[in-house]
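The end of the sequence shown is residue 308 by this note's numbering, with every number in the run present. A short worksheet on the structure shown next.
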Amino acid sequence: MRILVTNDDGVHAPGIALLEEIARQFSDDVWVVAPADNQTGAGHSLTLSSPVRLRKHTERRWSVTGTPTDAVTMGLKVVLDSPPDLILSGINAGANLGDDITYSGTVSAAMEGALAGIRSIGLSQVMGPDAPASGDRFAAARGWSARAIAPLLDAPFAPRTLVSINFPALEPDAVQGIRVARQGFHDYARGTVEERRDPRGFRYYWFGLDAVEHTRGHDSDLEAVEDGYVSVTPLQLELTHAASLGVLKERYRG
Ligand code: MN
């Protein structure tokens, strides 16, 4: 089994080193093609207005000066001589839950894999304000990734679908188990914009992340992680809101 490992935090991020280790538990044929720099928040963007450069670190470890989507594209079209059986993206330093999925470079790399017809999984480690007692912020991912990935290796994946996994910010022995859950949603639009001044007095801005509330009762990924479970969420690329098709067709009728 050939595995392509990628991420959005960049080729030197600790999460991808961990994911590469985990991938090697399943295969000897593991390749890494990842962004050269941190691309968190890049979503499913593609670099179209500047050239992309490819750097070979070792025979099976490469970086791309571009987005996670660029990295997967370069992996499939340039680096690998035959396609992988599995794409693993992550392990992201931070959650990719609920509405945040559309911002996620980690999940988008898996989306690109799904578009190419390859079994693809995004993995994210939720991080609280403090590290768990062991000091290992990836503790739950380290302890639970192989268990979370193994059942997906021969599970049916419908075309244009992928799976997103989130690990709670807990020590492995405090994790309650694995829960398959739907994508949740936050109660209101997220994010803050902080205005600051540079040394010359000019304004600049930082986008911040607020703790965002969610309503329970939807069997969601947000709820699963809150309850201490690893969440496993099947996602589809088709965004059509089926129930609105009829409503709008009616509006546009002759
Ligand atoms: Mn990231």
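Note that beta-carbon positions come from the ideal geometry of N, C-alpha and C, so glycine has one too.
Those residues placing their Cβ nearer than 5 angstroms to any heavy atom of the ligand MN are, following chain order, 62, 63, 94, 146. For residue 74, the number of other beta carbons within 10 angstroms of its own is at least 16, and it is reported as buried.
Contact between the stretch 276-294 and the stretch 246-257 is absent: fewer than 3 CB-CB pairs across the two stretches fall below 8 angstroms.
Going by C-alpha positions, residue 220 is about 7 angstroms away from residue 151. Between residue 292 and residue 149, the alpha-carbon positions lie close to 22 angstroms from each other. Cβ neighbours of residue 188 within its own chain (closer than 8 angstroms, five residues either side excluded): 225. Excluding its 5 nearest sequence neighbours in each direction, residue 168 has C-beta neighbours in its own chain below 7 angstroms: 174, 214, 215, 216, 291, listed in chain order.
For the options 104, 260, 114, the alpha carbon positioned closest to that of residue 120 is the one of 104. Counting along the chain, residue 110 sits inside the beta strand (DSSP E) bounded by residues 108-112. Here the stretch 56-68 makes contact with the stretch 78-92; the two share three or more CB pairs at distances below 8 angstroms. In the structure shown, residue 283 falls within a strand segment according to DSSP collapsed to helix, strand and coil. Contact between residue 218 and residue 176 holds: CB atoms are separated by about 5 angstroms, below the 8 angstroms threshold.
Linking residue 82 to residue 307 through their CA atoms gives a straight-line distance of about 58 angstroms. In the assembly as shown, residue 109 is an exposed residue. Its beta-carbon has fewer than 16 other beta-carbons within 10 Å. Note that the C-beta distance between residue 164 and residue 123 is not below 8 angstroms. Per the C-alpha coordinates, the member of 106, 102, 129 positioned closest to residue 115 is 129.
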